[in-house]
Every structure is written in structure tokens, then in C-alpha cells.
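To start, the structure itself, in C-alpha cells.
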Amino acid sequence: MEKDIIIIGAGPIGIACALECKKRQWDYVVIEKGALTNSLFNYPRNMTFFSTSEKLEIDDIPFISNNPKPNRDEALEYYRRVATSNKLHINLYETVNAIKKDGDGFSISTTKSNYTSKKVIISTGFYDIPKLLDIPGENLPKVTHYYKEAHNYALQNVVVIGASNSAVDAALEIWRKGGHVTMVVRGENIGERVKYWVRPDIVNRIEEGSINAYYNSEVIKIDETTIEIKTPEGLITLDNDYVVALTGYLPNFKILKDSGITISDDDKKIPSYNSETMESNINGLYLAGVICGGNETHKWFIENSRIHAKMIANHIEKDFK
Ligand SMILES: Cc1cc2nc3c(=O)[nH]c(=O)nc-3n(C[C@H](O)[C@H](O)[C@H](O)COP(=O)(O)OP(=O)(O)OC[C@H]3O[C@@H](n4cnc5c(N)ncnc54)[C@H](O)[C@@H]3O)c2cc1C
31 MEKDIIIIGA GPIGIACALE CKKRQWDYVV IEKGALTNSL FNYPRNMTFF STSEKLEIDD
91 IPFISNNPKP NRDEALEYYR RVATSNKLHI NLYETVNAIK KDGDGFSIST TKSNYTSKKV
151 IISTGFYDIP KLLDIPGENL PKVTHYYKEA HNYALQNVVV IGASNSAVDA ALEIWRKGGH
211 VTMVVRGENI GERVKYWVRP DIVNRIEEGS INAYYNSEVI KIDETTIEIK TPEGLITLDN
271 DYVVALTGYL PNFKILKDSG ITISDDDKKI PSYNSETMES NINGLYLAGV ICGGNETHKW
331 FIENSRIHAK MIANHIEKDF K
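Following the working numbering, the numbering of the sequence shown begins with 31 at its first residue and continues without gaps.
Below, the structure is given as C-alpha cells:
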């Protein structure tokens, strides 16, 4: 199959790129390995965005929310409506395995087909690969790296690992649904980036003893019924039914490296791109959305990266004229 443009990933930013291609009447397709906006689909069922709805809009298409900050269902509805009402070309449940420079263009192989295209936009986000703890017991079925909802944790001993927004939201929700929650935090406090209206809630729940917290601590072993935690006061063992490990996620660096994109040697692992055009060090291969931050997964989000779609389209347009 020959295309002008292939967009990899149907998250909010991939969809924004598709809208730009459609406006310019380019022959494009978005290839998505999961459901439409797969990352958002996998977010906690009751999550609320920290952005107001107008900041999540793409191409100025109005996003009306019933709440000051929209929730997951509203965001799914919004991006779904944008994709369906604009009849965007999106192939779902098809994974891109490789992108190879092929003359002036690219060849792309996926789990279902092979394509050639003049340009490629990678907008694959970072939510697919959890940062693993690498400890015994991490593979037990009682351990998850993706929190969905609280009901199944009621009356259970639950350890939440992490102190970021996701961990704090999960700890509070599980506690409110009757779970016995212990947080294990590597640093000395709850994360500074936790939403300003949520932070006092978790701090007060910990101070009053409703939620237990170990700071400067690490989980070192998990088994069927217990968990071992290394704390500044020494090793402790707690009875444990479930572990919700929310220690962050990593972008898929392999697909970037294999396609020839260079990545910074430091811990940040930032992929190379021109910040005015979003073109990577490979001509015709672009980066869009949160993937641009490498390991700095907090740097880019929908609010500040939706603009990438227009920047890329404006640059490609010069070549296509
Ligand atoms: C709990 C939570 C709350 C958040 N709240 C906000 C907020 O309030 N405001 C805000 O602006 N941002 C927020 N963010 C961040 C925001 O969700 C991300 O910035 C956004 O999803 C990025 O969009 P994206 O299109 O770049 O990547 P994604 O939405 O992650 O989309 C990438 C897509 O690529 C697909 N993909 C990956 N690899 C392949 C492959 N090889 N082949 C095919 N498809 C592939 C994935 O399945 C996915 O659908 C939040 C994030 C989290 C986790």
C-alpha cells in the first residue's frame, strides 16, 4: 500500500495529525496497535484530567464537558467523535513493527501489512511499557502496573507503590472504597507535581493515619500473602493481598532507534528532532506528542503538544508543493 503519510499511533496527537492531513487532502492512514486513543482507554476508569476541556481540544473542535475538568469517559467520547465525524482513516489493532528509510521515502511493516510512504509521523506516546521494579514476585497476578478501579480492593490489604498523581489518585480511591492502603514512596515526600487540589487530601489522610506511608523506602520482595519493604528503620514484612505499582512508564525506544533516530546518551534519552519542524534526524520522519520527551514523560502532554500536528503539516506542505 502506498501512502503520502503514515501516522503511527491514534492518541490525541496522532488524531490531530490526521486532521491536518485530511484538510490538505493528503493520502494518509493512522496505524494504531490498540483501540482508538488506546492510552486514554487504559487510564483509570474514574480519572479526571488536570487540564480544562478547551486545553484538550484539537483543531479548535469544541470539547464540552459537564465538569470543570473533564473525565476519562468525556475525553474518550470527544476524541471518538472527532475521529468518526471527520471520517479519519484509522486502522486499529495493527502494530507497526519497523520503519525503514527506503530511497526518498519509507517502508513500514506491521502485524497486518506492508506499506510505503513519503513521510512518517511517530506519535506513539509512552503508556505501553511500565517501569518495572525488577524484584521477586513482580509477575504475580496480584501485582498490577495499571490501576483501573477500586471496588475489587475493598477490605483488602493493598500496597500502592509511587507518589505521583496516578499513585495518589489510586491510594485515595482505594481507601475511600474500604481498602487498607499502605503507600511505599522512594522519596521523602508525596510528589511535588501532584495536582494542587489533591495533594492536601493525601497529606491529611496520611497524617491522620487513615493511609499508611513509608517514605525513603522500597519494596524488595512480594509473595502470595506478604510484602517486604526496606525502610530507613530496617526491613519490615506486611500482610498483603494486592500491589498497585505506579512507578511510571517508558516510551518504546526500540522502534525509534531501529528507524535510525538518535537518542541522547544521558538518562533523559531525548530523541533528536528539530523543535521548529518536529522532523527527526531522518529526513521525512517526524515525532509528535509525548514521545518527544523521551524519559521525561511529564514534559509533553496533550495541552502543549497538540500544536505539533500543525508544525509538521506546515513543514511537509513545503515539500509536497
Ligand atoms: C493519568 C493521566 C492523566 C493525564 N492527564 C492529562 C491532562 O489533564 N492534560 C494533558 O494535557 N495531558 C494529560 N495526560 C497526558 C496525556 O494523556 C498524554 O500526554 C497523551 O495521551 C499524549 O498523547 P499522544 O497522542 O502523544 O500519545 P498517546 O495518547 O499515548 O497515544 C499513543 C498511541 O500510540 C499507540 N502505539 C504505540 N506503539 C505503537 C505501535 N508500534 N504501532 C501502532 N500504534 C502504537 C498506542 O497504543 C497509543 O494509542 C495524562 C496522562 C495520564 C497517564
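Virtual Cβ for every residue (Gly too), placed ideally from N, Cα, C. Values in this document were obtained by computation on a predicted structure and should not be read as measured data.
Reference residue i; option with closest CA among the options
i, options, result
"Asp34", "Val60, Met308, Gly41 and Pro42", "Val60"
"Phe331", "Gly221, Trp227 and Leu86", "Leu86"
"Tyr58", "Gly39, Arg75 and Gly64", "Gly39"
"Ile312", "Ala318, Tyr303, Gly319 and Glu168", "Tyr303"
"Gly319", "Ser139, Ile36, Ile45 and Glu32", "Ile45"
"Lys149", "Gly167, Asn116 and Lys130", "Lys130"
"Asn270", "Val211, Phe350, Pro74 and Ser196", "Val211"
"Ile91", "Arg75, Tyr183, Pro74 and Arg111", "Arg111"
"Asn344", "Ala113, Glu84 and Leu49", "Leu49"
"Thr154", "Lys284, Lys348, Asn334 and Ile346", "Lys284"
"Gly209", "Ala184, Val228, Phe93 and Lys142", "Ala184"
"Ser310", "Ile291, Gly323 and Lys299", "Ile291"
"Arg206", "Asp295, Val215, Thr307 and Ser240", "Ser240"
"Ser335", "Asp253, Pro171 and Glu306", "Glu306"
"Lys380", "Arg223, Asp253 and Thr256", "Past the edges of the chain, shown from 31 to 351, lies residue 380, and the structure says nothing about it."
"Asp253", "Lys172, Asp132, Trp56 and Ile151", "Lys172"
"Ile151", "Ser143, Leu163, Asp164 and Ser137", "Ser137"
"Lys117", "Lys52, Thr174 and Ile257", "Lys52"
"Asn242", "Asn169, Ile259 and Thr82", "Ile259"
"Asn195", "Tyr226, Glu84 and Gln55", "Tyr226"
"Leu106", "Tyr177, Ser139 and Pro42", "Pro42"
"Gln186", "Glu347, Asn282, Thr256 and Asn68", "Thr256"
"Glu333", "Ser147, Pro281, Asp89 and His119", "Asp89"
"Lys348", "Arg54, Gly64 and Thr82", "Arg54"
"Tyr177", "Gly64, Met77, Ser83 and Cys47", "Met77"
"Thr125", "Asn68, Asn96, Asn169 and Glu238", "Asn68"
"Gly64", "Ser95, Asp132, Glu237 and Ile120", "Ile120"
Integer Cβ distance of residue i from residue j, believed to fall under 8 Å
i, j, result
"Leu70", "Arg102", "6 Å"
"Ile191", "Val249", "6 Å"
"Phe156", "Ile321", "7 Å"
"Tyr279", "Lys161", "6 Å"
"Phe93", "Tyr73", "Not a contact, Cβ separation roughly 16 Å."
"Thr114", "Asn127", "Actually they do not touch by this definition, with Cβ atoms about 27 Å apart."
"Phe79", "Pro100", "5 Å"
"Leu163", "Thr327", "Contact flag wrong, Cβ pair sits at about 17 Å."
"Tyr272", "Val188", "5 Å"
"Ile165", "Ala193", "No, Ile165 and Ala193 are not in contact; Cβ-Cβ is about 18 Å, not under 8 Å."
"Gly167", "Lys298", "That pair is no contact at about 30 Å."
"Met308", "Ser143", "With 8 Å as the limit, Met308 and Ser143 do not qualify as a contact, their Cβ atoms being about 26 Å apart."
"Ile36", "Ser147", "4 Å"
Cβ neighbour criterion (16 or more within 10 Å) applied to residue i
i, result
"His357", "As displayed, the chain neither begins before 31 nor continues past 351, which places residue 357 out of reach and without an answer."
"Met213", "buried"
"Ala275", "buried"
"Leu122", "exposed"
"Phe350", "exposed"
"Gly135", "buried"
"Arg75", "exposed"
"Glu62", "buried"
"Asn246", "exposed"
"Ile266", "exposed"
"Gly314", "buried"
"Leu286", "buried"
"Gly324", "buried"
"Tyr145", "buried"
"Gly404", "It is not possible to answer for residue 404, since the shown part of the chain is limited to 31 through 351."
"Ser289", "buried"
"Gly217", "exposed"
"Glu104", "buried"
"Pro262", "exposed"
"Pro281", "buried"
"Pro301", "buried"
Inset, instruction - Assess, as a yes-or-no matter, whether the stretch 158 to 176 is touched by the stretch 328 to 345 under the definition of 3 or more beta carbon pairs within less than 8 Å. - result: no
Legend entry - Segment contact flag, the stretch 225 to 243 with the stretch 191 to 202, C-beta cutoff 8 Å, min 3 pairs: yes
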